[in-house]
Ligand code: SF4
Ligand code: SF4
Ligand SMILES: [Zn+2]
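Numbering (the numbering used here), first residue to last: 101 to 487.
1) Assuming residue 421 and residue 348 make a contact with CB atoms under 8 angstroms, what is their CB distance in whole Å?
2) Exposed or buried, residue 358, counting other C-beta atoms within 10 Å across all chains shown (16 or more means buried)?
3) Considering only DSSP beta bridges, list what residue 326 is partnered with.
4) Output the distance between the C-alpha atoms of residue 354 and residue 430, rounded to the nearest integer angstrom.
5) Going along the chain, which residues of its own chain have a beta-carbon closer than 6 angstroms to the beta-carbon of residue 136, five neighbours each way excluded?
6) DSSP on residue 278, reduced to helix/strand/coil?
7) Could you tell me the distance, in whole angstroms, from the CA atom of residue 479 to the CA atom of residue 297?
8) Taking C-beta to C-beta, are residue 184 and residue 154 nearer than 8 angstroms?
9) Could you work out which residue in 382, 209 and 132 is closest to residue 149 when comparing CA atoms only?
10) Mind pulling the beta strand (DSSP E) runs of 3 or more residues that sit fully within the stretch 182 to 238?
11) Cα-Cα, which of 220, 333, 291 and 371 is closest to residue 193?
12) Identify whether residue 127 lies in helix, strand or coil by the three-state DSSP scheme.
13) I believe residue 301 touches residue 329 by the beta-carbon criterion, under 8 angstroms. Please report the beta-carbon distance rounded to the nearest angstrom.
14) Relative to ligand 1, is the shortest distance from any of its heavy atoms to the C-beta of residue 232 smaller than 7 angstroms?
15) Helix, strand or coil: how does DSSP classify residue 246 here?
16) Fully enclosed by the stretch 392 to 430, which alpha helix (DSSP H) runs are 4 residues long or longer?
17) Going by the DSSP bridge assignment, what does residue 153 pair with across the sheet?
18) I'd like to know whether the C-beta atoms of residue 235 and residue 264 end up nearer to each other than 8 angstroms.
19) Apart from the five residues just before and just after residue 129, which ones in its own chain have a Cβ nearer than 7 angstroms to its Cβ?
20) Can you find the residues in the same chain that come closer than 7 angstroms, C-beta to C-beta, to residue 232, ignoring five residues on each side of it along the sequence?
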């Protein structure tokens, strides 16, 4: 049988029990890079799921403009395919190139490729690290991220990180005083048990809160992503209040709110979420989710839950910000509902693309981030570079 490149990279033996693997290993449409029973056994024993990092020589374009409208004014950069946090709602796992559960691929040589790309580029859009992975998920990745941060700061390339991982102090030192850096910390509840269930390998809430405190101490523009909220798990009025008020106490610059979406074109995305609920004795939740999804719709390729349900919860966050009288702005991710926003930017900031002049990168003036209708496009065509 001929396997796709992702399955070819998966070992022939289960890395937990050493037994033979009959690839592709599937439960319904869900792929696993080891025996599903070993995956679940490991979770029950350790309250974490197993993950194996496999080096993959990376030959693609390291900085890419992806198709989603809101990401077109940025370059996306992922250091891995798949992510070892293994969040049960993970959007990355719904991508066709995603490795099966329990495996992630390290893009070997990625840092050199990024440097090469930038050194040969005329225009560089702000770099988003990392839309479908976490740039600080391991110590090894954190080292690469610090190296890239030094490079971006040195070249004057705007960039930002979205993470659940531990932000090293070194990184804050590198970006201190650089105007084009922002940190977005993802955290949808302070409830440790719920987080362990939903994001089995990600660091606990206190570590993520510490990232926010340190970022603020270093003068970094800091965003809390309450994203994605998971109905009946993270979004009770008490949970939303506790998290949002803590963020406001810490004077985060911006909050992003959103609800979970299930990729409509990938059956395994929702299947895995329900598989996980079932394996954790939460069949009752599946029925409730089905009802909410049935009353929902599809936005940008994602099936989302009932509008009214989302609106009430997302409005609570806005109300809390307004009541406190905080300077914090508020935006929503793929939710619409512009009337709830405070400010006009979903992420709270907008960095300009930069262009090369006299050997240095300087901001392109007048960029509104609306590439689709831009009258002075900075990159007329995606520049295709020879490697
Ligand atoms: S941190 Fe993001 S990319 Fe990583 S598993 Fe969680 S949702 Fe997926
Ligand atoms: S200048 Fe135009 S094309 Fe370039 S990032 Fe801004 S909006 Fe997009
Ligand atoms: Zn096994």
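Glycine included, C-beta positions come from ideal geometry on N, C-alpha and C.
The answer reads as follows:
1) For residue 421 against residue 348, the beta-carbon gap comes to about 7 angstroms, under 8 angstroms, which counts as contact.
2) Flag for residue 358 reads buried.
3) Partner(s): 357.
4) Residue 354 and residue 430 have their C-alpha atoms roughly 6 angstroms apart.
5) Excluding residues within five positions, the ones whose Cβ falls inside 6 angstroms are 127.
6) In the structure shown, residue 278 sits in coil (DSSP, three-state: anything other than H, G, I, E or B).
7) So the two alpha carbons sit approximately 43 angstroms from each other.
8) Contact flag unset, no.
9) Of 382, 209 and 132, the residue nearest in Cα terms is 132.
10) If we require 3 residues or more, the beta strand (DSSP E) runs fully inside the stretch 182 to 238 come out as 203 to 208 and 227 to 229.
11) Of 220, 333, 291 and 371, the residue nearest in Cα terms is 371.
12) Three-state result, residue 127: strand.
13) Beta-carbon to beta-carbon, residue 301 and residue 329 are separated by about 20 angstroms, too far to satisfy the 8 angstroms threshold.
14) Yes, since a heavy atom of ligand 1 falls inside the 7 angstroms radius drawn around the Cβ of residue 232.
15) In this structure, residue 246 counts as helix in the three-state DSSP scheme.
16) Counting only runs of 4+ residues, the alpha helix (DSSP H) found wholly inside the stretch 392 to 430 occupies 407 to 424, in chain order.
17) 204.
18) Not in contact: residue 235 and residue 264 (Cβ atoms no closer than 8 angstroms).
19) So the list reads 367, 368 and 371, once near-sequence residues are dropped.
20) If we look at residue 232 and ignore the five residues flanking it on each side, its Cβ neighbours are 178, 191, 192 and 195.
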